[in-house]
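Have a look at the structure below before the remarks.
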Amino acid sequence: MSNRMNRRDCLRALGLSGLTAGLGLAATQPARAQGVGESSGFQSSVIDARKIQDARLAATIVDGKVIQPQRELPILHQTDVLVVGGGSAGVVAAIAAKRAGASVTLVERYGHFGGLWTGGLVVLILGHIVKGGKQVCQGIGEEMMRRMDKLDGAIINRRPGVNPTVDAEAAKYVMVEMIEEAGVDVFLHCWGVDAIVTQNTVRGVVFESKSGRQAILAKTVVDATGDGDLFAAAGAEFEHRSHNVGLVSRIGNLDQVDAEKAKEAPKPRRLGSATPAPGVNWVNLTGPEVDGLDLATLTRMEINHRKFIWKDVQRARQTPGYEKVYLVETAPQIGVRITRVLNGLNRVRLSDLKAATKFPDVVGVGGASNATHGEWQIPYGALVPTTVDNVLASGRCISMDMGMADLVRLIPNCFVTGHAAGVAAAVAVQDNCRPRDVDIAKVQKILRQQEAYLG
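See below:
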């Protein structure tokens, strides 16, 4: 007897086959191969009817302590460059490394790319322009913007000297397109939980997923987790910081506000800013300063923020003229801004921004949040741990002082540090050297070939 059964078979077995026409099922037509967007009805098969997972290696309690027995981990994959985290920094790092000639694997805990840019609905492109209107964040991040220029409803306010806003779904689509075009290997829905380290050198990463605990071996790892999960697990020194943790939402029907009725009462607070979707605004929520690594705190923030946002929108709906406004969504990803910050060979400093310091190992240039100051250079040493080898930081967890955190963490500047880390990782693999020993001139040359701006 076959173990395969679809919805039609189930209905027939229950004596309900006569209802299939009313349910929109063609009972007389056999199931056929399905392409994306197609369906011949719900189908399911038994893969293993009597499967038992090996529990001999399950954690146990010994003398009141939870003990995890030693075990061999299956190797899921091997690669030149492993990028952990598919946010704005990680996606750019992966594409850059692949274009530089390395085999690249990108691993992401969610089911989409973009991190806080898309999953966190931080859709404003802020931090790429300096005083005078010059755009300094170029390269692969700018390529993404150009691609969105060509998509209907993907980006607004895209003009010189202005901070554009993107549609999160369009950004996800563009990143998938670019990752696939580059030929990057991808594993979604898995979380990097530990570093594989021998003699102070990272050799890969351990991941947890529905498939269990598995390993990916790599010659060089780029930590694009945002929280420095991997360099911390490998033993690199870092600074643990607190910062505001918020939650972004979107509200709709703002194009249906009754202007005449709205004159009767003060305008509601927190209506946000426009997005490419007509009548839909994105609304930022700063939130309190907390430890973004604390599980109980994150849980409390999620619950409290969602309650606050719902009630806040309901209050807005009580305002004359705003009765049709509604909550479209709260971001699926909470807005953690800063947690772990690498203590690297060098550091991005506010004093260097003010002094317009030039670095011989510059691998990127950052901008201002609202074009209020000049450009600032990112030294390669800010990506490199002081002791641990074969891992580079990118994104909001690179080495920086307190005064630079709210610039470094902005999406365009994450593009820039991801670009630098990806190219440097590829060069380290190709030249068979540690990332700290790469030929900086070679890294800079490739970055410029990939249209990065280095000053």
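Residue numbers for the sequence shown follow my numbering, beginning at 30 and rising by one.
We put the CB at the ideal spot given by N, CA and C, even for glycine.
If you're wondering where the values come from, they're calculated on a predicted model, not measured in any experiment.
Residue closest to residue i, alpha-carbon to alpha-carbon, out of the options
| i | options | result |
| --- | --- | --- |
| residue 243 | 226, 222, 250 and 227 | 222 |
| residue 180 | 201, 166 and 161 | 201 |
| residue 255 | 316, 188 and 143 | 143 |
| residue 169 | 450, 378, 65 and 434 | 450 |
| residue 481 | 84, 117, 277 and 166 | 166 |
| residue 249 | 258, 236 and 225 | 225 |
| residue 475 | 465, 448 and 377 | 448 |
| residue 339 | 354, 366 and 472 | 354 |
| residue 263 | 298, 235, 432 and 211 | 235 |
| residue 352 | 291, 306, 392 and 358 | 291 |
| residue 358 | 74, 311 and 206 | 311 |
| residue 141 | 117, 66, 182 and 413 | 117 |
Alpha carbon of residue i to alpha carbon of residue j, nearest angstrom
| i | j | result |
| --- | --- | --- |
| residue 232 | residue 198 | 34 Å |
| residue 410 | residue 374 | 5 Å |
| residue 59 | residue 77 | Because residue 59 carries a pLDDT of 44, less than 50, the predicted location of this residue cannot be relied on, and no value is offered for it. |
| residue 430 | residue 315 | 21 Å |
| residue 327 | residue 145 | 15 Å |
| residue 80 | residue 101 | 20 Å |
| residue 217 | residue 336 | 30 Å |
| residue 9 | residue 287 | Since the first residue shown for the chain is 30 and the last is 484, residue 9 is missing from the structure and cannot be characterised. |
| residue 55 | residue 64 | Below a pLDDT of 50, predicted positions are generally treated as unreliable, and residue 55, at 38, falls in that range; no measurement from the model is reported. |
| residue 436 | residue 382 | 11 Å |
| residue 46 | residue 313 | For residue 46, the predicted model reports a pLDDT of 44, less than 50, meaning its position is unreliable; a value from the coordinates is still stated below. The straight-line gap from Cα to Cα measures roughly 52 Å. |
| residue 204 | residue 331 | 27 Å |
| residue 98 | residue 88 | 7 Å |
| residue 454 | residue 296 | 51 Å |
| residue 473 | residue 457 | 13 Å |
| residue 573 | residue 468 | Because the chain here runs from 30 to 484, residue 573 falls outside it and cannot be looked at. |
| residue 309 | residue 208 | 29 Å |
For residue i, the first and last residue of its enclosing alpha helix (DSSP H)
| i | result |
| --- | --- |
| residue 171 | 168 to 178 |
| residue 340 | 324 to 346 |
| residue 380 | 379 to 384 |
| residue 400 | Residue 400 -> no alpha helix (DSSP H), and no H or E assigned at all. |
| residue 488 | Shown here, the chain extends from 30 to 484; a query on residue 488 therefore has no answer. |
| residue 201 | 197 to 211 |
Unbroken beta strand (DSSP E) run spanning residue i, endpoints
| i | result |
| --- | --- |
| residue 266 | Element bounds for residue 266: n/a, residue is neither H nor E. |
| residue 89 | 89 to 91 |
| residue 272 | 272 to 275 |
| residue 358 | 355 to 359 |
| residue 227 | 220 to 227 |
Whole-number beta carbon distance between residue j and residue i, since they are thought to touch under 8 Å
| i | j | result |
| --- | --- | --- |
| residue 394 | residue 483 | 6 Å |
| residue 416 | residue 229 | 6 Å |
| residue 445 | residue 129 | That belief does not hold up - the Cβ atoms of residue 445 and residue 129 are roughly 16 Å apart, past 8 Å. |
* Asked: Just checking, does the stretch 110 to 129 make contact with the stretch 417 to 431 on the three C-beta pairs under 8 Å criterion?
  -> yes
* Asked: Using 8 Å as the threshold, is the stretch 97 to 114 in touch with the stretch 177 to 192, meaning 3 or more CB pairs across them?
  -> no
* Asked: How about the stretch 146 to 154 and the stretch 350 to 363: do they share at least three Cβ pairs that are nearer than 8 Å?
  -> yes
* Given 8 Å, three or more beta-carbon pairs between the stretch 258 to 272 and the stretch 311 to 327 -> yes
* Using 8 Å as the threshold, is the stretch 383 to 391 in touch with the stretch 402 to 419, meaning 3 or more CB pairs across them? -> yes
* **Segment contact, 8 Å Cβ cut-off, at least three pairs: the stretch 395 to 404 with the stretch 345 to 356** => no
* Asked: Between the stretch 163 to 179 and the stretch 276 to 286, do three or more beta carbon pairs fall short of 8 Å?
  -> no
* Could you say if the stretch 112 to 119 and the stretch 129 to 143 meet the contact criterion of at least three C-beta pairs nearer than 8 Å? => Per the Cβ contact rule, the stretch 112 to 119 is in contact with the stretch 129 to 143 (3 or more Cβ pairs under 8 Å).
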